[in-house]
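Sequential numbering of the sequence shown, starting at 1138, is according to this note's numbering. Even for Gly, the Cβ is constructed at its ideal location relative to N, Cα and C.
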Amino acid sequence: MSEAKMNGRSIRINRLPATIVAILLTIVLVYFLNFHQEERPAIYGMLRSDNPSRVNLRKMLIAAIQAAQRGGLEVLDVARSRQLKERSKGKTDEGVNDPFTDADGRSHCVMKQGLQRIFPRVQIFSEEDKEHCKQAHGYDLDPTVLHETAQIPDVTVNAQDVTVWVDPLDATKEFTEELYEYVTTMVCVAVAGRPIIGVIHSPFNGQTAWAWVGNSMSEYLSNLHPQHSPNNQAPIITVSRSHTAGAMDLARGIFGENVSLLTAAGAGYKVLQVVANNATAYLHTSKIKKWDICAGDAILHALGGTMTSLNDQLINYGPEESPVNTEGLLATLEQHDEYMDKLSKYREAHNGKLA
């Protein structure tokens, strides 16, 4: 306590509350500063930013892994409850029902809002962007999602050059049929239109495949990918379950009589089959959304593989581009030029069509 005189009166000033406030502010400041940069709570980034127009890709990798895994937890929770709240979004181009479930919506809200909270200046596109999120979701960065031996540099890029593609639940139809092995949640980070970070999380086996092109990848992905492929391996083409009709005749016409088909669902799952050498190529002959393929594109690139349109063009994932790739795709780890040459010759012989 201290006293001051005003107009002949004594006024007592209590300094205790001010002292308490000063101590609390000091504790908060020490709390923030004692976190490693990538571990600091998300609010720290809102309060302080060295350069808000730049994005740290190490942080973005960590956030992308967390987003895919947290979305996966929502998918698991809905599957266990069996309260799918299924409705139809319409028909695909192949005439197959395109379902939407509560798992799609819940995963979308957790994944997109979590990423947007940490990276408010980055453009993020999700398959379920039309879905209204009833409550806010967020999380703090947790670098423990990276394995101990991961070599992850601190690299920053302009935020306006970054585009993020989110697939909250790939293979929804199979999810409703309890064919859970095909289900994945995916996040992809593209810089200047090229995919550089890809995350494919499989909720029902708990495994996460991630890669940052030119830098590092998850232990699971490294172990999934065999070091050496068999010599002179006959083509094994993975195609969508919904495209099975006529697929064998088409594959034989393109790749020869020794070809085999691996029918599967989910673009993320099919890319992982190529990674594991269960298939030598992933072929899709109709249009496909970019949130379905961007993460797989980045992962294949990190492993030395290639994904292109059927016109042999790299796919642009920039924000100004259409979210739909209308030219089909071919994805391989090896012999991409050879496979593309066979495709081109078949199209030339059939008036430019794959039918």
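Item: Under the assumption that residue 1440 contacts residue 1408 (Cβ atoms under 8 Å), give the Cβ distance between them as a whole number of angstroms.; Value: Not really, about 10 Å apart at Cβ, beyond 8 Å.
Item: Kindly give me the distance between the Cβ atoms of residue 1320 and residue 1290, rounded to whole angstroms, as I take these residues to be in contact under 8 Å.; Value: No, residue 1320 and residue 1290 are not in contact; Cβ-Cβ is about 32 Å, not under 8 Å.
Item: So residue 1348 packs on residue 1435, CB below 8 Å; how close in whole Å?; Value: 6 Å
Item: Can you tell me which of the three DSSP states residue 1261 falls into?; Value: strand
Item: Count the other CB atoms within 10 Å of the CB of residue 1186; is the residue buried (16 or more) or exposed (fewer)?; Value: Residue confidence for residue 1186 is low, a pLDDT of 45 falling below 50, so the modelled location carries little weight; the figure read from the coordinates is stated next. The residue is exposed, with fewer than 16 neighbouring Cβ atoms inside 10 Å.
Item: Taking the Cβ atom as the reference point for each residue, do residue 1311 and residue 1205 lie within a distance shorter than 8 Å?; Value: no
Item: Are the Cβ atoms of residue 1244 and residue 1235 separated by less than 8 Å?; Value: no
Item: With a threshold of 8 Å on Cβ separation, who are the neighbours of residue 1395 within its own chain once the five nearest residues in sequence on each side are excluded?; Value: 1371 and 1372
Item: Skipping 5 residues on each side, what residues in its chain have a beta carbon closer than 7 Å to that of residue 1274?; Value: 1246, 1247, 1250 and 1251
Item: Evaluate residue 1332 with the Cβ neighbour count: other Cβ atoms within 10 Å of its Cβ, from every protein chain shown; 16 or more gives buried, anything less gives exposed.; Value: buried
Item: Which residues does DSSP pair with residue 1347 in a beta bridge?; Value: 1336
Item: If the criterion is Cβ atoms closer than 8 Å, does the pair residue 1469 and residue 1417 meet it?; Value: yes
Item: First and last residue of the beta strand (DSSP E) that includes residue 1419?; Value: 1418–1421
Item: Would residue 1283 and residue 1196 qualify as a contact pair, given that the criterion is a beta-carbon distance under 8 Å?; Value: no
Item: When DSSP labels each residue in this structure, what does residue 1325 get in the three-state scheme?; Value: strand
Item: Find the nearest neighbour of residue 1210 within the set 1391, 1227, 1241 and 1292, judged by alpha-carbon distance.; Value: 1241
Item: By the DSSP assignment, the alpha helix (DSSP H) with residue 1255 in it spans what residues?; Value: 1239–1255
Item: Do residue 1462 and residue 1481 come within 8 Å of each other at the CB atom, strictly closer than that value?; Value: no
Item: To the nearest whole angstrom, what separates the beta carbons of residue 1483 and residue 1390, a pair I think is in contact under 8 Å?; Value: 6 Å
Item: For residue 1486, count the other beta carbons within 10 Å of its own beta carbon; 16 or more makes it buried, fewer makes it exposed. Which is it?; Value: exposed
Item: Taking buried to mean at least 16 other C-beta atoms within 10 Å of its own C-beta, is residue 1328 buried or exposed?; Value: buried
Item: Residues in the same chain with beta-carbon distance under 6 Å from residue 1172, minus the five sequence neighbours each way, listed in chain order, please.; Value: Note that residue 1172 scores a pLDDT of 47, beneath 50, so its modelled location is shaky; the value from the coordinates is reported in the next line. Cβ neighbours of residue 1172 beyond the five flanking positions: none.
Item: Tell me, please, which residues DSSP counts as bridged to residue 1397.; Value: 1373
Item: May I have the straight-line CA-CA distance separating residue 1192 from residue 1256, to the nearest angstrom?; Value: 8 Å
Item: Whole alpha helix (DSSP H) runs in the stretch 1401–1445 with 4 or more residues, listed along the chain?; Value: 1404–1412 and 1427–1439
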